[in-house]
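Below is one structure, written out as structure tokens, with a few remarks after it.
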Amino acid sequence: MINPFSGGLPHCKRCGYELEGDEEACPKCQFNPKSTGLRVAMGLFMIVVLAMSVTIVAGQLWPTLGRAMIAVSGVAFVLSVVVFFISFLVTPYRFGSVFRRL
Numbered sequence: 263m264i265n266p267f268s269g270g271l272p273h274c275k276r277c278g279y280e281l282e283g284d285e286e287a288c289p290k291c292q293f294n295p296k297s298t299g300l301r302v303a304m305g306l307f308m309i310v311v312l313a314m315s316v317t318i319v320a321g322q323l324w325p326t327l328g329r330a331m332i333a334v335s336g337v338a339f340v341l342s343v344v345v346f347f348i349s350f351l352v353t354p355y356r357f358g359s360v361f362r363r364l
């Protein structure tokens with residue numbers, strides 16, 4: 263399948279291997295950005311759970327810590343939702359560079 267925007271066949275963002283365009287993972291380096299994105303989204307969601315747990319336990323002792331943990335959990339929740347939806351769009355050649363380093 264030819265990519266109309268680059269004028270040629272798509273390539274893996276990690277190793278440069280030429281792809282047909284419909285692969286979930288690169289056949290050469292086994293780079294699968296979708297599973298990496300889902301792992302990152304779950305990690306961010308775990309931060310939400312931990313921050314809310316700290317808010318419940320320590321929030322009554324230190325109210326400013328509770329407010330800070332609520333802010334951290336809100337930011338982590340928004341990031342986890344964004345990464346979750348991006349992970350469904352990525353392939354080794356399309357948005358693959360977003361999760362290349364992870």
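Residue numbers (the working numbering): 263 to 364. In this text, a Cβ means the ideal position worked out from N, Cα and C, and glycines have one as well. In this text the structure is predicted, and so the values were computed from the model without any measurement.
Here Ser-349 is buried: its Cβ has 16 or more other Cβ atoms, across all protein chains shown, within 10 Å. Residue environment: Phe-293 is assigned as buried (16 or more neighbouring CB atoms within 10 Å of its CB, all protein chains considered).
Nearest C-alpha to Lys-290 among Leu-281, Ser-297, Thr-298, Met-314: Leu-281. Here Ser-342 is near Phe-307, since their CB atoms are less than 7 Å apart. The beta-carbon separation of Val-345 and Ala-303, rounded to 4 Å, stays under the 8 Å limit for a contact. Cys-277 counts as exposed, since fewer than 16 other beta carbons sit within 10 angstroms of its beta carbon.
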